[in-house]
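First up is the structure itself, then whatever we jot down about it.
In the working numbering, the protein residues as written are 25 to 171.
What follows is the structure, given as structure tokens:
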């Protein structure tokens with residue numbers, strides 16, 4: 025399937041070039057336009073080759089200078105990326121240290137809580153004689169009526 029597509033593309037391109045050539049050859053105005061374009065492009069190309077040849081050292085020096093600037097920028101960016109990687113590793117270590125400290129604090133708080141609850145339990149067991157007024161229901165206002 026691909027070979028047939030390639031054949032069609034190639035044959036279509038060849039026919040287009042032939043048709044374009046026939047049109048250019050038969051039409052004087054188009055022929056003059058094409059020759060003017062080709063001669064202008066040729067003269068501009070020759071001009072730029074001449075300018076580059078005359079100023080080769082300057083052009084080469086400018087290219088080297090640009091290359092050096094680009095190299096310096098890339099080196100600086102590389103150093104910055106390296107610093108960022110080191111900083112992120114350091115931050116990661118700090119986060120793990122912080123998490124460890126928080127976990128230790130949590131364990132300490134849990135230990136203190138259990139000791140506090142244990143102390144309350146012991147105190148409650150040692151005071152078996154509760155306050156008699158604590159066993160009475162809350163004041164409903166009958167004392168005030170009796171007085």
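Where a beta carbon is used, it is the ideal one built from N, C-alpha and C, also for glycine.
Note that the structure is predicted; figures quoted are calculated from it, not measured.
Cβ shell of residue i (< 7 Å), same chain only, five flanking positions each side left out
| i | result |
| --- | --- |
| residue 49 | 55 |
Continuous alpha helix (DSSP H) stretch holding residue i: start and end
| i | result |
| --- | --- |
| residue 77 | 52-78 |
Nearest-angstrom beta carbon gap, residue j and residue i [assumed within contact, 8 Å]
| i | j | result |
| --- | --- | --- |
| residue 76 | residue 83 | 6 Å |
Test: residue i CB closer than 8 Å to a CB of chain B
| i | result |
| --- | --- |
| residue 100 | Included in the structure is just one protein chain, with no chain B present. |
Spatially closest choice to residue i from the options, by CA coordinates
| i | options | result |
| --- | --- | --- |
| residue 45 | 58, 137, 118 | 58 |
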